[in-house]
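Residue numbers (my numbering): 71 to 442.
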DNA sequence: AAAGCGGGGGT
DNA sequence: ACCCCAGCTTT
């Protein structure tokens, strides 16, 4: 059966039966979607925003991050760095501090790089088309399309997780969106149904619809304007679309943090510089183990020669399940040490700790044990 | 193609 | 416990 969607005179739907279901419904899908979005408006700081700098900031923050999480960060970030010039001249540490707790910190580093590039090499002119945007560090297929459509009305579909989910279900697209060929196929299909000169509206509608109706689990098909045409719904195969990412085994890591001060109660900290989690953030002296237990011999080896006291006791436990690692963090108190335990460590006064960016686990420790 | 990268909210 | 979020970069 071919479903053709059209509005009747009362602007409600009726079905027209034909021979087979196909992307021929594209025009109707898009208009129906836009109609839904007009009836279900959403107010967010970046919606209808045309300033490419602000849209860029919002899109980078929203990568793999929920809207509710981003909102306070976005407001503070824009207040701290109102223009791309202000971001370009900021220090990385200032930027990281505004990103603290948001996760995926390479996003902040890439933004800084790109801000400097645009200001210094492009005279501050933000690239104004998808192809040029795609070349910028930190901007990929989705984000380039989003900025191009929202700011410059380029006719390009921006497919994030929402778009993939909706299209795969409604049109029964079985391609694997987590492969390059798969996402290319989805983009091709989206381009075919994208209404001319309404890309911004369409892309925004797709994401709003994905967040309110076509949810990953338990979608609200009863409120969905195309549920009668949706292949996944009609065939009762919603759970099969889209293809799921193959889940990875969480690497377990045990972080033993030694909170070391000097006799004046300054704290020894350093910046993580390795290509590892939390690169660019700060931390206390760390001994990492693959298993829970930290041998006393190792502690002796490190702290013994520093003439420090042992019998460190765990003063706080913290467990974090990240998307790719399960990190157990333990904090130990030790007696003061006057000499850096490692060359890159430096002393910070207690009241200045808040100027540095830390991972969440250390923030929790500081909030509970150190008055800032 | 696969791995690595945060943190949190919903079910 | 599991899913996945307005994904991208590196290997």
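Yeah, the Cβ is synthetic: ideal placement off N, Cα and C, and Gly gets one too.
Item: Residue 42 and residue 350 closer than 8 angstroms at C-beta; Value: Absent from the model: residue 42. The displayed extent of the chain is 71 to 442, so no value can be given.
Item: Supposed contact pair residue 234 and residue 256 - C-beta distance, whole angstroms, cut 8 angstroms; Value: 6 angstroms
Item: The ligand GDP heavy atom lying under 7 angstroms from the CB of residue 270; Value: In terms of ligand content, the structure shown is empty, and the ligand GDP therefore cannot be addressed.
Item: Closest by C-alpha distance to residue 196, when choosing among 297, 127, 317 and 437; Value: 127
Item: In chain order, each alpha helix (DSSP H) run of at least 4 residues that lies wholly inside the region 110–168; Value: 122–132, 137–150 and 154–159
Item: Separation of residue 428 from residue 422, as counted between CA atoms; Value: 13 angstroms
Item: Beta-carbon proximity check, residue 330 vs residue 416, cutoff 8 angstroms; Value: no
Item: Three-state secondary structure (DSSP) of residue 176; Value: helix
Item: Closest residue to residue 398 among 418, 180, 307 and 356 (Cα-Cα distance); Value: 356
Item: Touching by the beta-carbon criterion (3+ pairs, under 8 angstroms), the region 305–314 and the region 237–254; Value: yes
Item: Rounded straight-line distance, which links the Cα of residue 286 to that of residue 94; Value: Confidence at residue 94 is low in this model, with a pLDDT of 49, below 50, so the placement of that residue is unreliable and no value is reported for it.
Item: Span of the beta strand (DSSP E), counted from its first residue to its last, around residue 307; Value: Taken as a continuous stretch (DSSP letters only), residue 307 belongs to no beta strand (DSSP E), as it is neither H nor E.
Item: Collapsed DSSP secondary structure at residue 342 in the structure displayed; Value: coil
Item: Of the listed residues 186, 120 and 404, nearest to residue 36 (C-alpha basis); Value: The requested residue 36 is not part of the displayed model; the chain covers only 71 to 442.
Item: Same chain, Cβ closer than 8 angstroms to residue 187, five either side skipped, listed in chain order; Value: 206 and 207
Item: Alpha-carbon to alpha-carbon, residue 346 and residue 175; Value: 11 angstroms
Item: Cβ contact check for the region 125–140 and the region 209–217: 3 or more pairs under 8 angstroms; Value: yes
Item: Endpoints, beta strand (DSSP E) assigned at residue 395; Value: 395–403
Item: Selected residue, minimal CA-CA separation from residue 180, among 299, 191 and 165; Value: 165
Item: Complete runs of the alpha helix (DSSP H) confined to the region 238–265 [at least 4 residues]; Value: 250–263
Item: Nearest-angstrom Cβ-Cβ length linking residue 342 and residue 353, presumed shorter than 8 angstroms; Value: 6 angstroms
Item: Alpha-carbon spacing of residue 425 relative to residue 221, whole angstroms; Value: 34 angstroms
Item: Coil, strand or helix - residue 297 by DSSP; Value: coil
Item: Candidates 400, 226 and 336: closest to residue 407 by CA position; Value: 336
Item: Opening and closing residue of the alpha helix (DSSP H) in which residue 372 lies; Value: 366–374
Item: Residue 436 versus residue 405 - alpha carbon distance; Value: 18 angstroms
Item: Backbone CA spacing between residue 210 and residue 298 [nearest angstrom]; Value: 34 angstroms
Item: Residues near residue 278 in its chain [Cβ-Cβ closer than 8 angstroms; skip 5 each side]; Value: 107, 110 and 112
Item: Buried versus exposed, by CB contacts within 10 Å (16 or more), residue 444; Value: No statement about residue 444 is possible, as the shown extent of the chain runs from 71 to 442 and does not include it.
Item: Beta-ladder partner(s) of residue 386, from DSSP; Value: 401
Item: Bounding residues of the beta strand (DSSP E) (the contiguous stretch that carries residue 38); Value: This structure cannot speak to residue 38, because the chain is shown only from 71 to 442.
Item: Burial state of residue 363 (16 or more Cβ within 10 Å); Value: exposed
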